[in-house]
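Remarks on the structure that follows.
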Amino acid sequence: MDKSTFAKIIRITSPIFFGYVSIGIPFGLMVARAGYPWWLAPLMSVTMYTGTGQYIAIGMFAAGAGLAQIMLIQVLVGIRHIFYGLSLLTKFTGVGKWKAFLVYALTDETYAVLCSVEAPADTKPGRFYATIAALDEFYWTLGATIGAVAGSLINFSFEGVDFALTALFCVILTEQILASKDFVPPLIGILTSVAAAVLERTGILPQGNMLLAALSFGIAALVLSKNIRRPNAQDISQAQESRPEEAQE
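Written as structure tokens, this is what we have:
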């Protein structure tokens, strides 16, 4: 890959750099605060590489959750990546030996970048896309390592650090609502989370299962709402028939 192409990739991924480093550092601090060695942060970032999943895993490890429960939560949280991959099947055609790495390194932000760029005509697509994904992972690992090392060497208050991921999701949620104008999914998420918290607080739901219950309720409610809001064949047919008349008017 020539220098100009690599420089282009640096420019493309520069927003990811600032985002991943700023969110990766709090994750590293959480690892240190939980009492784990600093090298666990880069190790998880290389072998696991899922920002949300890593935050959740450290919290559940510290809370003494079982491995089976943690694995189930990880599957539910990361299941959206199946749909990311399906939408990139055409784009990843012909990437050759890079396909396995591209599947592994697919995150929300990397997916957004890959959907918005095309490989230059004089560059192999597999290498171009894989370089983007590899740099993104490097950014995240760098931030996590900095946070973990700093947390191990510097004694300071960690209060509020674990809110970084929540803040990130609040920003992402706001941007999605502004773009889609669809308030139903976030409303379902809020209601199911509150319901799960109330059920756990009242003792109806066993302690430590709030997140699993909220995800289960949320997925079921989203599927139900999609079926309710989906237009039937008759509605579509009537809408298509009305368009010529509207055009004539």
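433 is the number of the first residue of the sequence shown in my numbering; add one for each residue after it.
Each residue gets a CB set at the ideal place from its N, CA and C atoms; glycine is no exception.
Round the Cβ separation of V545 and I448 to the nearest angstrom and send it over; I've been treating them as touching at under 8 Å. To locate residue 545, count along the sequence shown from 1; it is residue 113. To locate residue 448, count along the sequence shown from 1; it is residue 16. That pair is a contact at about 7 Å.
Enumerate in chain order the residues of its own chain whose CB-to-CB distance from I609 is below 7 Å, with the five nearest sequence positions on each side excluded. As a first step, residue 609 must be located in the sequence shown, where it is residue number 177. Answer for I609: F615 and P618, listed in chain order.
Keeping to the same chain, check which residues put their C-beta closer than 7 Å to that of D516; ignore five residues upstream and five downstream. Position 84 of the sequence shown holds residue 516. Checking the sequence shown, residue 516 turns out to be Tyr, not Asp. The answer, listed in chain order, is L538 and Y543.
Would you say the segment 557-570 touches the segment 462-470, given that touching needs at least three Cβ pairs under 8 Å? no
Report yes if the C-beta distance between V527 and Y487 is below 8 Å; otherwise report no. Looking up residue 527 in the sequence shown gives position 95. Looking up residue 487 in the sequence shown gives position 55. Their beta carbons are not under 8 Å apart, which means V527 does not touch Y487 by this criterion.
Should P474 go down as buried or exposed, given a rule of 16 or more other Cβ atoms within 10 Å for buried? For the purposes of this step, residue 474 is identified with residue 42 of the sequence shown, where counting begins at 1. The residue in question, P474, is buried, as its Cβ has 16 or more Cβ neighbours within 10 Å.
Any idea what DSSP makes of T445, helix, strand or coil? Counting from 1 along the sequence shown, the entry for residue 445 is found at position 13. If DSSP states are grouped into helix, strand and coil, T445 belongs with the helices.
For D540, the three-state DSSP class (helix, strand or coil): As a working mapping, residue 540 is identified with position 108 in the sequence shown. Correct three-state label for D540: helix.
Report buried or exposed for T624, applying the criterion of at least 16 other Cβ atoms within 10 angstroms of its Cβ. For the purposes of this step, residue 624 is identified with residue 192 of the sequence shown, where counting begins at 1. By the neighbour-count rule (16 or more Cβ atoms within 10 Å), T624 is buried.
Give the straight-line distance between the Cα atoms of A497 and L504, rounded to the nearest whole angstrom. Translated into positions along the sequence shown, residue 497 becomes position 65. Translated into positions along the sequence shown, residue 504 becomes position 72. Approximately 11 Å, taken between the alpha carbons.
Could you say which of N587, A652, S657 and L647 lies nearest to G510 if we only look at CA atoms? As a working mapping, residue 510 is identified with position 78 in the sequence shown. Ranking the options by Cα distance to G510, first place goes to L647.
Rounded to whole angstroms, what's the CA-CA distance from V581 to V655? Just pull it up for me. Translated into positions along the sequence shown, residue 581 becomes position 149. Translated into positions along the sequence shown, residue 655 becomes position 223. Answer to the nearest angstrom: the Cα atoms are 43 Å apart.
Whole-Å CB distance - G460 paired with I578, under 8 Å assumed: In the sequence shown, the residue the question calls residue 460 occupies position 28. In the sequence shown, the residue the question calls residue 578 occupies position 146. Correct: roughly 6 Å between the Cβ atoms.
Would a C-beta distance cut-off of 8 Å place L534 and F524 closer than the cut-off? Numbered from 1 along the sequence shown, position 102 holds the residue referred to as residue 534. Numbered from 1 along the sequence shown, position 92 holds the residue referred to as residue 524. Contact flag set, yes.
May I have the straight-line CA-CA distance separating A551 from P557, to the nearest angstrom? On the sequence shown, position 119 is the one that residue 551 refers to. On the sequence shown, position 125 is the one that residue 557 refers to. In a straight line, the C-alpha of A551 is about 5 Å away from that of P557.
From F438, K531, G451 and S436, pick the residue whose C-alpha is nearest to that of A576; which is it? Counting from one through the sequence shown, the residue named residue 576 turns up at place 144. For the residues F438, K531, G451 and S436, the minimum Cα distance to A576 belongs to G451.
Inter-residue Cα distance where the pair is A627 and L637: The sequence position of residue 627 within the sequence shown is 195, counting from 1. The sequence position of residue 637 within the sequence shown is 205, counting from 1. A627 and L637: Cα-Cα distance of roughly 10 Å.
With a cut-off of 8 Å on the beta carbons, I'd call I564 and T445 a contact; round off their distance for me. Counting from 1 along the sequence shown, the entry for residue 564 is found at position 132. Counting from 1 along the sequence shown, the entry for residue 445 is found at position 13. With a Cβ gap of about 6 Å, I564 and T445 count as contacting.
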